[in-house]
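K.L.:
So the protein lines, in turn, are chains P and E.
Residue 1 is where the first sequence starts when you use the numbering used here, and the numbers rise one by one after that.
Residue 1001 is where the second sequence starts when you use the numbering used here, and the numbers rise one by one after that.
Note that the Cβ used here is the ideal one computed from N, Cα and C, for glycine as well.
The model shown is predicted, which means the values in this text are computed figures rather than measured ones.
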Amino acid sequence: MDAQIVVRDLSKTYRVPERAPGLAASVKSLFRRTYRDVEAVREISFTVEAGEMVGFIGPNGAGKTTTLKMLSGLLHPTAGEARVLEYRPWERKQAYLRRISMVLGNKSQMMWDIPPLDSFAVLGEIYGVSPAEQKQTLDELVDLLEMEELLSKPVRNFSLGERMKCELVAGLLHRPDVMYLDEPTLGLDVTMQARLRRFLAEYNRRSGVTIILTSHYMADVVALCERVILIHHGSLLYDGALRGLADRLAPFKLIRVSLGGGQGTDAEIALPEGTEVVERENGRLVLRVGRAEAPATTARLLQTLPVVDLAVEDPPIEAVIDQIYQEGNV
Amino acid sequence: MNLRGGWALIKRTWAMWMQQRSFFFLLAFGWMIPPLVYLFVWSTAAGEATVGGLSRGEFVAYYLVLVLVNQLTYSQTNWTVGDVIRYGGMNALLLRPLSPVFDALSTEIAGKVVYMIFVIPVTVVLAVILRPEIQVTLTSALAFIPALALAWALRFLWGYWVALLAFWAARADALLTLQDALIFLLGGQVAPTALLPGLLRQVSWALPFRYMLAFPVEVLSGQVQGADLALGFAVQATWLAVATILFVVLWRNGVKHYSAVGG
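1) DSSP three-state label for residue 62 of chain P, please.
2) If contact is defined by three or more beta carbon pairs under 8 Å, each pair taking one atom from either stretch, is the stretch 1061-1070 of chain E in contact with the stretch 1036-1052 of chain E?
3) Strictly below 7 Å CB to CB, what residues from chain P border residue 1091 of chain E?
4) So residue 1052 of chain E and residue 1194 of chain E are in contact, right, with Cβ under 8 Å, and what is the actual spacing, rounded?
5) Does the CB of residue 1097 of chain E have a neighbour CB from chain P at under 8 Å?
6) Considering only DSSP beta bridges, list what residue 185 of chain P is partnered with.
7) From residue 312 of chain P to residue 255 of chain P, what does the alpha carbon distance come to, in whole angstroms?
8) For residue 1194 of chain E, decide whether its Cβ has a neighbour in chain P, counting only Cβ atoms nearer than 8 Å.
9) Would you mind stating whether residue 324 of chain P and residue 218 of chain P have Cβ atoms separated by less than 8 Å?
10) Is the number of C-beta pairs between the stretch 44-62 of chain P and the stretch 220-237 of chain P that are closer than 8 Å three or more?
11) Alpha carbon to alpha carbon, what distance is there between residue 33 of chain P and residue 26 of chain P?
12) Under 8 Å, Cβ to Cβ, is there at least one residue of chain E near residue 114 of chain P?
13) Taking the straight line between their C-alpha atoms, what separation do you get for residue 154 of chain P and residue 1222 of chain E?
14) By Cβ distance below 7 Å, which residues in the same chain neighbour residue 1204 of chain E in space, the five residues on each side in sequence not counted?
15) Using the rule of at least 16 other Cβ atoms within 10 Å of the residue's Cβ for burial, across every protein chain shown, is residue 1248 of chain E buried or exposed?
16) Which runs of the alpha helix (DSSP H) fall wholly inside the stretch 1069-1097 of chain E and span at least 4 residues, in chain order?
17) Strictly under 8 Å for the Cβ-Cβ distance: is residue 1226 of chain E near chain P by that measure?
18) If contacts are defined as beta-carbon pairs under 8 Å, then residue 119 of chain P and residue 110 of chain P qualify, I think. What distance do you get, rounded to the angstrom?
19) In chain P, which residues lie less than 7 Å from residue 1259 of chain E when you measure between Cβ atoms?
20) Does any C-beta atom of chain E lie closer than 8 Å to the C-beta of residue 128 of chain P?
21) By the DSSP assignment, the beta strand (DSSP E) with residue 110 of chain P in it spans what residues?
22) For residue 236 of chain P and chain E, any beta-carbon pair shorter than 8 Å?
23) Any beta carbon of chain E sitting closer than 8 Å to that of residue 122 of chain P?
24) Is the shortest distance between the beta-carbon of residue 49 of chain P and the beta-carbons of chain E less than 8 Å?
25) Where does the unbroken alpha helix (DSSP H) through residue 226 of chain P begin, and where does it stop?
26) Does the stretch 201-215 of chain P come close enough to the stretch 28-45 of chain P to have 3 or more Cβ pairs within less than 8 Å?
27) In chain order, what residues of the stretch 14-25 of chain P put their CB closer than 8 Å to some CB of chain E?
28) Closer than 8 Å, CB to CB, is residue 1110 of chain E near chain P or not?
29) Comparing the CB of residue 1081 of chain E with every heavy atom of the ligand HEM, is any distance shorter than 7 Å?
30) So with Cβ pairs under 8 Å, would you call residue 39 of chain P a contact of chain E?
31) Of all Cβ atoms in chain P, is any one closer than 8 Å to the Cβ of residue 1076 of chain E?
32) What residues in its chain sit with their C-beta under 6 Å from that of residue 59 of chain P, if we drop five residues either side in the sequence?
33) Of all the alpha helix (DSSP H) runs that stay within the bounds of the stretch 1017-1047 of chain E, which reach a length of 4 or more residues?
34) Is the Cβ-Cβ distance between residue 1175 of chain E and residue 1162 of chain E less than 8 Å?
35) Since residue 1016 of chain E meets chain P, which of its residues come closer than 7 Å, beta carbon to beta carbon?
36) With 8 Å set as the bound, which would you pick, yes or no: does the beta-carbon of residue 98 of chain P sit closer than that to a beta-carbon of chain C?
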């Protein structure tokens, strides 16, 4: 395995014009503009191996899209270095652009008035794919995405999910080695999200394409990415296994207990020390305990309370992520 | 250069436009109106005599050719490039291994074909009714072709560099309105440039606008000949060179600026 994406101390600072609201301020800004520097990305470093599928996570404005734009060559970094497939992305060499693909969930590659097949043919020509290869790739993708019936209808009449399928085909027609996916499931219903996830996983397995994906749906990341990179306020907070993130961030477990005998509604239940009640309702309790204490606490609960049912769980990943987004550190 | 991709784009745009040809026929009709108004003004003014050495029939010929040349050189994409930059459409174009200028070129080339399907028959009908007088020599016909090609390239690139100012200023298309006004006044639409009063005529012959529209018409109808013809080509080629340099410089710096501030 070799590193396909190497990022070293990459930074991006935007200069944003700034002015107070109101007419007087807008007149003043005509003559003297004031600027504010916004550090969108600060000295992030990571490498991605060929065939990996990495999830970029972080709250809105964390710097995820800025990083993807630098890697796809749309943005010049303010400082730092990056090499993708041995190219410097922002030099925007045609040879580089032919080997990557960027799919933006909110921007379209498709022409609205013509059937997708025609758009695909043009893209195939732009990327210099031979007609035979085009056909082969298209057949494979159409089969995987089950979108045969869409091919001859104008894109204008498509649903959001159908359009996203087309965007993915458009982005993969030239068989890129590296693919950047920015919010590919944005606004899609649950079934369509799951459909696209299955497709991405299967395509990644078959073709070995390297994928960096951003998404606000943790389900996407959980289903697709063994590795996540967490960015917050432009800095890299975590890079590693998704499982490890939860372990590190949420060093506790949740214990769900159902109590028999009409107990649990009142406060007099004697809980072991260090146990926190998260929820209490009609004889059902959700408790939070430190990872290390979980077995002992469970044993105590079973001894002291009329337990009907008991389950020990990891906290949901959403809760973990929300905690970091709010607290801003790992 | 990715000619294969460029050609595919042209074919696609053409196919797309043929689907909505009535819309483009209406656009073309709109563009025909101002020259036709001046055709009637000047041919009426000439009556049975001549104005500035041109007879009624010669005015008709001048303006009918001008209608065709105007349609062939008018660069509508100059108006859309700015929007593509402002509304972030440039991102998708920059991600492709094909220069975004091909996108504009494909629209231009595809558009000409669609417009001509409408404009040529209309002009022919008008010619039958209005009886133009024109004597086309082999020399003027041969000179017309490069004059027309250069006029198109000049008008396209001149408007394109102006549109590229959208990389820095939000409302750069106001300058395109100015360009259209100058073509109207000095480019031979309101009157053939030879009829403009003294200083204005010299200004119109020095500035680029005559070479975007009137020059090929004057060449075909034999109004410019000999030394004037050679001088005209020299001025036209010089302005084209200036436009090309401005386009290249603004394009490079514009993309650099764009990728510094983000789209």
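P.N.:
Quick look at the numbers:
1) coil
2) yes
3) What residue 1091 of chain E touches in chain P: 74, 107.
4) 6 Å
5) It does; some Cβ of chain P falls within 8 Å.
6) Paired residues: none, contrary to the question.
7) 4 Å
8) Interface annotation, residue 1194 of chain E: not in contact with chain P, CB-CB separation never under 8 Å.
9) no
10) When Cβ pairs closer than 8 Å are counted between the two stretches, the stretch 44-62 of chain P is seen to touch the stretch 220-237 of chain P, the count reaching three or more.
11) 10 Å
12) It does; some Cβ of chain E falls within 8 Å.
13) 50 Å
14) 1186, 1193, 1196, 1210
15) exposed
16) 1078-1086, 1090-1094
17) no
18) 5 Å
19) Those are 74, 75, 76, 90, listed as they occur along chain P.
20) yes
21) It is not in any beta strand (DSSP E) - residue 110 of chain P carries neither H nor E in the DSSP assignment.
22) No, no contact with chain E.
23) yes
24) no
25) Here residue 226 of chain P belongs to no alpha helix (DSSP H), and DSSP marks it neither H nor E.
26) no
27) For the stretch 14-25 of chain P, the set of positions with a beta-carbon nearer than 8 Å to some beta-carbon of chain E reads 14, 15 in chain order.
28) no
29) Looking for the ligand HEM in the displayed structure turns up nothing, as the structure carries no ligands at all.
30) no
31) no
32) 325
33) Fully enclosed alpha helix (DSSP H) runs of 4 or longer: 1021-1046.
34) yes
35) 111, 113, 114
36) Note that chain C does not occur in the displayed structure, where the protein chains are P and E.
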